[in-house]
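A.B. asks:
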Ligand code: AKB
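Numbering (the working numbering), first residue to last: 1 to 337.
1) What is the rounded straight-line gap between the Cα of residue 109 and the Cα of residue 35?
2) Hey, residue 261 and residue 231: beta-carbon distance below 8 Å or not?
3) Which term fits residue 106, buried or exposed, when burial requires 16 or more other beta carbons within 10 angstroms of its beta carbon?
4) To which residues of the same chain is residue 190 closer than 6 Å at the C-beta, ignoring the five residues directly before and after it?
5) May I ask which residues mark the beginning and end of the beta strand (DSSP E) holding residue 5?
6) Excluding the 5 residues preceding and the 5 following residue 327 in the sequence, name in chain order all residues of the same chain whose CB lies nearer than 8 Å to its CB.
7) My understanding is that residue 149 touches residue 177, with C-beta atoms under 8 Å, so please give their C-beta distance in whole angstroms.
8) Determine the DSSP secondary structure at residue 24, reduced to helix, strand or coil.
9) Taking 8 Å as the limit between beta carbons, can you name the residues of its chain near residue 55, skipping five residues before and five after?
10) Residue 51: buried (16+ other C-beta within 10 angstroms of its C-beta) or exposed?
11) Cα separation between residue 57 and residue 64?
12) Quick one: using the 10 Å Cβ neighbour count with 16 as the cut-off for buried, is residue 61 buried or exposed?
13) Exposed or buried, residue 152, counting other C-beta atoms within 10 Å across all chains shown (16 or more means buried)?
14) CA-CA distance, residue 275 and residue 304?
15) With a threshold of 7 Å (Cβ to nearest heavy atom), would residue 59 be considered close to the ligand AKB?
16) Quick one: is the Cβ of residue 189 within less than 7 Å of any heavy atom of the ligand AKB?
17) I need the straight-line Cα distance from residue 76 to residue 160, nearest angstrom please.
18) Within 10 angstroms of the Cβ of residue 172, are there 16 or more other Cβ atoms? Answer buried if so, exposed if not.
19) When every heavy atom of the ligand AKB is checked, does at least one fall within less than 7 Å of the C-beta of residue 234?
20) Rounded to a whole number of angstroms, what is the C-alpha to C-alpha distance between residue 133 and residue 298?
21) Would you report the Cα separation of residue 118 and residue 311, rounded to the nearest angstrom?
22) For residue 122, which of 146, 138, 79 has the nearest alpha-carbon?
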C-alpha cells in the first residue's frame, strides 16, 4: 500500500516555509522535495523529506512507488536574477524540472484514477513591457497583455503555464485511451515579502531586503531607482492564495493563470515609510542598471479582477497593515535574537 500525501517541491524556499507551516497539522501528510535539507524548524512538520532535484527521474520514480499523491505545490525554481547568470541551469530547473513534475502528477493520477491538483506559482516576470513610458501608461496590466518577457525566468514561467494547460486539457490527445490526469492551476505572484526569510536570487528582492535591513537597524543600499514600482504582496496573502486556489471547484476557473495584486509602492515611498518607522535605518540608492532594466519591464500594477471574480481572492494585507501587523512584529523580535 502506498502512503497518501501532499507533495511540496522547493519546500525550503520562501513560499515553502510559509506553506509547510500553514499545512502542518491540517491532517494530510506532507512530503517535501528540495535540493537542500529542510531547516530545523521545518523538518519536524513534514512526514517525509526527500533531498534531491526535481530533474532526478529515478528519485521521482521512487516517490511514485512509495506515495499516493493527489496534490502538488510545485514551488522549486531559480529566480530571475540568478537565472540571468545561468540561463541553461535555469531552463533545466524551471522548465525541464516542471515538465518532470507534471509528468509525475500525470502518472500519479493514472495510478490512482483521480486528477492530481497541481498548483504552480508563476510570476509578474511573465510580463515584458517594452519601455518605461509604456509601463507608466499601461497601469494595471491584465493577464493577456504584454507577454513578452525579457528574462530567462520570465520565459520559463510563461511557457510552464502553457505546459500546465497542455497537461490539464490536451495531454497525448492523439493516443487512444490517454486522458489528462492533471488539474493545473497557477497564479502570477507579485514580488513577495516574508517576515521570516529574506529572498535570494530574485530581482524584486530590493523591497524585502530594505524592510529587513531597516528593522535590524542596518544600512541598506537599494539597487533600483526611487521611482521603481512593481506589485508586491505579504507572504501570508500569497500562501492563502495558493490554498484558496487549490480548493476552488474546477468549473469556476476560467483561466489557467491569475494575476494577484496587493500593494505597489515605489522604492522611494517604501524607503520613506521604513525610515519613518526606524529612524536609525539608512537607505541609500545605488542603481544596478542591469537589474533596474529588468524591473522596468515588469508592470507597475496588475489587474486581479479575474481572481477576485472566479475564486474570491482578496488580500488581507495592504502595505500599512503588512508593515504594522505582520512584518515589524515578526522581524524585530527575531533580530533581537
Ligand atoms: C523574482 O524577483 O525573480 C521573483 C519574482 C518576481 O518572481 N521574486
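For glycine and all other residues, C-beta sits at the position ideal for the given N, C-alpha and C.
C.D. replies: Let's see:
1) A straight-line Cα-Cα distance of about 25 Å links residue 109 and residue 35.
2) Yes, these two residues count as a Cβ contact at 8 Å.
3) Counting every other CB atom within 10 Å of its CB across the protein chains shown gives residue 106 a total of 16 or more, marking it as buried.
4) So the list reads 124, 231, 232, 233, once near-sequence residues are dropped.
5) 3-9 is the extent of the beta strand (DSSP E) around residue 5.
6) The residues 193, 195, 211, 215, 234, in chain order, have a CB closer than 8 Å to that of residue 327 in the same chain once the five nearest residues on each side in sequence are set aside.
7) No, residue 149 and residue 177 are not in contact; Cβ-Cβ is about 37 Å, not under 8 Å.
8) The answer is coil: DSSP assigns residue 24 none of H, G, I, E or B.
9) When the five nearest sequence neighbours on each side are left out, the beta carbons in the same chain lying within less than 8 Å of the beta carbon of residue 55 are those of 92, 93, 96, 97, 100, in order along the chain.
10) A residue is called buried when at least 16 other Cβ atoms come within 10 angstroms of its Cβ; residue 51 does not meet this threshold and is exposed.
11) The alpha-carbon of residue 57 is positioned some 10 Å away from that of residue 64.
12) With fewer than 16 other Cβ atoms inside 10 Å of its own Cβ, residue 61 counts as exposed.
13) Counting Cβ neighbours within 10 Å, residue 152 comes out buried, since at least 16 surround it.
14) So the two alpha carbons sit approximately 30 Å from each other.
15) Every heavy atom of the ligand AKB is 7 Å or more from the Cβ of residue 59, so no.
16) Flag set: Cβ of residue 189 near the ligand AKB.
17) Approximately 13 Å between the Cα atoms of the pair.
18) Under this definition residue 172 is an exposed residue.
19) Outside the cutoff, so no.
20) About 12 Å.
21) If you take the alpha carbons of residue 118 and residue 311, they lie about 16 Å apart.
22) Measuring from the Cα of residue 122, the nearest candidate turns out to be 79.
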